[in-house]
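One structure below.
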Amino acid sequence: MSANPLAGLASARKNGSPYGITSICSAHPLVIQTAIRRAVADREKNLLIEATCNQVNQFGGYTGMTPALFVAFVLEIACREGLEASRIIFGGDHLGPNPWRAEPAAQAMDKAEAMVGAYIAAGFTKIHLDASMGCAGEPAALDDETIATRAARLAKAAETGAHAAGSTLPVYIIGTEVPAPGGVDHAISELKPTETAAARRTIEVHREIFARESLTEAFGRVMAVVVQPGVEFGSQNVVAYAPEKSKGLTGLLDEQPSLVYEAHSTDYQTRAALTALVANGFPILKVGPGLTFALREALYGLDLIASEMARDYGDRSLARTMESAMLAAPGHWHSHYHGNEAELYVQRHYSYSDRIRYYWSNPTAVAAVERLRKALDDVAIPETLMRQFLPALPAELGPAGNPEAILLQAVDQVLADYDAACRGT
Numbered sequence: 020m021s022a023n024p025l026a027g028l029a030s031a032r033k034n035g036s037p038y039g040i041t042s043i044c045s046a047h048p049l050v051i052q053t054a055i056r057r058a059v060a061d062r063e064k065n066l067l068i069e070a071t072c073n074q075v076n077q078f079g080g081y082t083g084m085t086p087a088l089f090v091a092f093v094l095e096i097a098c099r100e101g102l103e104a105s106r107i108i109f110g111g112d113h114l115g116p117n118p119w120r121a122e123p124a125a126q127a128m129d130k131a132e133a134m135v136g137a138y139i140a141a142g143f144t145k146i147h148l149d150a151s152m153g154c155a156g157e158p159a160a161l162d163d164e165t166i167a168t169r170a171a172r173l174a175k176a177a178e179t180g181a182h183a184a185g186s187t188l189p190v191y192i193i194g195t196e197v198p199a200p201g202g203v204d205h206a207i208s209e210l211k212p213t214e215t216a217a218a219r220r221t222i223e224v225h226r227e228i229f230a231r232e233s234l235t236e237a238f239g240r241v242m243a244v245v246v247q248p249g250v251e252f253g254s255q256n257v258v259a260y261a262p263e264k265s266k267g268l269t270g271l272l273d274e275q276p277s278l279v280y281e282a283h284s285t286d287y288q289t290r291a292a293l294t295a296l297v298a299n300g301f302p303i304l305k306v307g308p309g310l311t312f313a314l315r316e317a318l319y320g321l322d323l324i325a326s327e328m329a330r331d332y333g334d335r336s337l338a339r340t341m342e343s344a345m346l347a348a349p350g351h352w353h354s355h356y357h358g359n360e361a362e363l364y365v366q367r368h369y370s371y372s373d374r375i376r377y378y379w380s381n382p383t384a385v386a387a388v389e390r391l392r393k394a395l396d397d398v399a400i401p402e403t404l405m406r407q408f409l410p411a412l413p414a415e416l417g418p419a420g421n422p423e424a425i426l427l428q429a430v431d432q433v434l435a436d437y438d439a440a441c442r443g444t
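Numbering (the working numbering), first residue to last: 20 to 444.
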């Protein structure tokens, strides 16, 4: 097993034997546990787990975790499941001024530098440099030179931190055409992949500015570029990958043999589409909301089953609790969902954007999930109820009376498609 499997992605493609790696972008403990169990079962598998700048930063992010706390959180689960820490690659996603873009650029970049330093100090070795967004008083879309200059500044902070700690020097991801974290907030009718010329210019400008800033060696560790391959999901629909539309991007990699692409927003793509992405030069497949969407489907199916089977459980107790939690603190969804009250209700609970994922760590939600588990623990769920409320899962799971196994299986089925795509099967 390569000491750095990410470094081999480009050469594998060049040699005609491409493989991929799934990037798990979630802080939900059941998602992390499922991914770790897959790695335990496959001794040749390395596990890539990523945290985003809004989710985890030096101030805690929306999870309340600093980079060091996030690493400790993942490693605690890994230890419990029997996975060696050396097989986990920690990545930082969208690291840049995004959490502070409402502030002047000077202040936002100071905080972004400190965040990158905190990620490096915590042991993150894959860093996505994302300075693509404008800050206060700036246009929303910045020019390539400004983006690359800010990315180089962040890379310098990472290099300084790694050298000071004597730790592994990170690999980098660059890219100016970055899909919106978590998906867009509207229905998508058509999506245009990144122009080949724009991707080429992104690479060239970053190479030039890194050299100007005495970061040529660091640029040699830039191993992937984020572009738009033509995959995305909105609140209500998914844009499927169409390989013929990104042929130019795939061809560009022949000019850049040390690089591949990182595919964001691959959630809800089919196994065939994911396999085609890997084959066409997009071997880093990022997934997050699609995993917690599957988990929510299973939780809500069990919620309905408990409503039918457990006398004292009540009518959809979990769904009612989540509705109350989202209405009490609408900050994570109100600017992303649109429509009348009925439409907003459906989006809060069932949107592909899965903004409900921000609420599973709410104490009332944690208590409601635990109550659901207890209601069905050691309860044999008839196969007929599994077929009625959880038809996508094996019906034989029900009679075992293990609700956690059902939840883990729901997430694992999604990860199975990614693993198959990464193997090219």
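Glycine included, each C-beta is placed from N, C-alpha and C at the ideal position.
Rounded to whole angstroms, how far is the Cβ of residue i from the Cβ of residue j, which I believe are closer than 8 Å?
{"i": "G300", "j": "T269", "result": "5 Å"}
{"i": "A292", "j": "Y260", "result": "4 Å"}
{"i": "A91", "j": "V135", "result": "With a Cβ gap of about 19 Å, A91 and V135 do not count as contacting."}
{"i": "T285", "j": "V246", "result": "Between V246 and T285 the Cβ distance is about 13 Å, and since that is not below 8 Å, they are no contact."}
{"i": "T311", "j": "H47", "result": "6 Å"}
{"i": "L88", "j": "L114", "result": "No, L88 and L114 are not in contact; Cβ-Cβ is about 17 Å, not under 8 Å."}
{"i": "L337", "j": "L426", "result": "Between L426 and L337 the Cβ distance is about 12 Å, and since that is not below 8 Å, they are no contact."}
{"i": "D438", "j": "R57", "result": "7 Å"}
{"i": "F143", "j": "F109", "result": "4 Å"}
{"i": "G350", "j": "S45", "result": "About 20 Å separates the two Cβ atoms, so there is no contact after all."}
{"i": "I192", "j": "H225", "result": "Going by Cβ atoms, the distance from I192 to H225 rounds to 11 Å, so no, they are not a contact pair."}
{"i": "A394", "j": "A313", "result": "That pair is no contact at about 21 Å."}
{"i": "L304", "j": "T41", "result": "5 Å"}
{"i": "Y371", "j": "L363", "result": "No, Y371 and L363 are not in contact; Cβ-Cβ is about 15 Å, not under 8 Å."}
{"i": "E327", "j": "L391", "result": "E327 to L391, Cβ: 13 Å. No contact."}
What span of residues does the beta strand (DSSP E) with residue i cover, start to end?
{"i": "I40", "result": "40-43"}
{"i": "I108", "result": "107-114"}
{"i": "L67", "result": "66-71"}
{"i": "A411", "result": "Neither: A411 is in no beta strand (DSSP E) and is coded neither H nor E."}
{"i": "K305", "result": "303-306"}
I'd like to confirm the pairing. Which residues does DSSP put opposite residue i in its beta bridges?
{"i": "M152", "result": "A160"}
{"i": "L445", "result": "Residue 445 lies beyond the stretch modelled for the chain, which goes from 20 to 444, so this question has no answer here."}
{"i": "I193", "result": "V244"}
{"i": "E251", "result": "V258"}
{"i": "Y378", "result": "Per DSSP, none; premise fails for Y378."}
{"i": "Y364", "result": "DSSP output for Y364 lists no bridge partner at all."}
{"i": "I146", "result": "G111, Y191"}
{"i": "V433", "result": "According to DSSP, V433 bridges with nothing at all."}
{"i": "V75", "result": "M84"}
Distance, Cα to Cα, residue i vs residue j?
{"i": "A344", "j": "N381", "result": "8 Å"}
{"i": "D112", "j": "K211", "result": "23 Å"}
{"i": "L409", "j": "V258", "result": "25 Å"}
{"i": "I228", "j": "R172", "result": "10 Å"}
{"i": "T15", "j": "A181", "result": "With the chain covering only 20 through 444, there is no way to say anything about residue 15."}
{"i": "C72", "j": "S233", "result": "26 Å"}
{"i": "G201", "j": "E389", "result": "At G201 the pLDDT is 48, less than 50, meaning the model places this residue with poor confidence and gives no usable figure here."}
{"i": "R376", "j": "G39", "result": "26 Å"}
{"i": "Q366", "j": "E342", "result": "11 Å"}
{"i": "P123", "j": "M152", "result": "12 Å"}
{"i": "A429", "j": "V190", "result": "32 Å"}
{"i": "L412", "j": "Y138", "result": "37 Å"}
{"i": "E360", "j": "S354", "result": "14 Å"}
{"i": "G27", "j": "E274", "result": "17 Å"}
{"i": "A386", "j": "D322", "result": "13 Å"}
{"i": "A29", "j": "D396", "result": "47 Å"}
{"i": "L272", "j": "V244", "result": "10 Å"}
{"i": "A127", "j": "F252", "result": "29 Å"}
{"i": "I166", "j": "E402", "result": "55 Å"}
{"i": "G309", "j": "A184", "result": "36 Å"}
{"i": "W119", "j": "W379", "result": "24 Å"}
{"i": "Y81", "j": "Q74", "result": "5 Å"}
{"i": "L25", "j": "G249", "result": "23 Å"}
{"i": "M20", "j": "R290", "result": "Low per-residue confidence applies at M20: pLDDT is 35, beneath 50, and the placement is therefore not dependable, though the value from the model is reported in the following sentence. Going from the Cα of M20 to the Cα of R290 covers about 25 Å."}
{"i": "G420", "j": "Y287", "result": "29 Å"}
{"i": "E196", "j": "D431", "result": "30 Å"}
{"i": "A54", "j": "L67", "result": "9 Å"}
{"i": "N76", "j": "A399", "result": "43 Å"}
For the alpha helix (DSSP H) containing residue i, list its first residue and its last residue.
{"i": "M84", "result": "Taken as a continuous stretch (DSSP letters only), M84 belongs to no alpha helix (DSSP H), as it is neither H nor E."}
{"i": "Y280", "result": "Counting along the chain, Y280 falls outside any alpha helix (DSSP H), though it belongs to the beta strand (DSSP E) covering 279-282."}
{"i": "D129", "result": "124-141"}
{"i": "I51", "result": "48-60"}
{"i": "E223", "result": "215-231"}
{"i": "A17", "result": "With the chain running from 20 to 444 in the structure shown, residue 17 is simply not present."}
{"i": "R210", "result": "As written in the sequence, residue 210 is Leu, which differs from the Arg given in the question. Unbroken run through L210: none, as it is neither H nor E."}
{"i": "G239", "result": "No alpha helix (DSSP H) contains G239, which DSSP labels as neither H nor E."}
{"i": "K33", "result": "28-33"}
{"i": "V297", "result": "290-298"}
I'd like to know if the segment 27-37 and the segment 60-68 are in contact, where contact means that at least 3 CB-CB pairs between them fall below 8 Å. Short answer: they don't touch.
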